[in-house]
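Take the sequence shown: its letters are residues 1242 to 1320, numbered as in my numbering.
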Amino acid sequence: MDVGIYEAKSKLSQLVERAEAGEEVILTRRGRPVAKIVDVAPAARRNRALLLHEIRALSRRVRIPRQVSVRDLVVEGRD
1242 MDVGIYEAKS KLSQLVERAE AGEEVILTRR GRPVAKIVDV APAARRNRAL
1292 LLHEIRALSR RVRIPRQVSV RDLVVEGRD
């Protein structure tokens, strides 16, 4: 959905509601797209998924020998 900035000023609440519902709202100035209103939840989910992927990849590369206990690691970290 494209909306001029002038019109968007008076309908901001409605436009935000539409974005929350998943619609992409493009703000235009003189017919040219200049900004976009979108729901932040999908971006937050992507960021979370990316972080989890990176943590899993790191955990595959870092191996702790079985003879080392968590207690030993905590004590070593405090030194």
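C-beta: ideal position from N, C-alpha, C; glycine also.
Practice item. Please work out which residues of its chain come closer than 6 Å, Cβ to Cβ, to Ile1246, disregarding the five sequence neighbours upstream and downstream, and give them in chain order. Key: Non-local C-beta neighbours of Ile1246 in its own chain, meaning closer than 6 Å and more than five positions away in sequence, comprise Leu1268, Arg1270, ordered along the chain.
Review point. What's the gap between the Cα of Arg1301 and the Cα of Asn1288?
Key: 20 Å
Point to revise | Distance, Val1309 Cα to Ala1262 Cα | key: 50 Å
Check your understanding: How about Asp1280 and Ala1260: do their beta carbons lie closer than 8 Å?
Key -> yes
Review point. From Pro1283 to Val1244, what distance separates their C-alpha atoms?
Key: Looking at the backbone, the Cα of Pro1283 and that of Val1244 are separated by about 22 Å.
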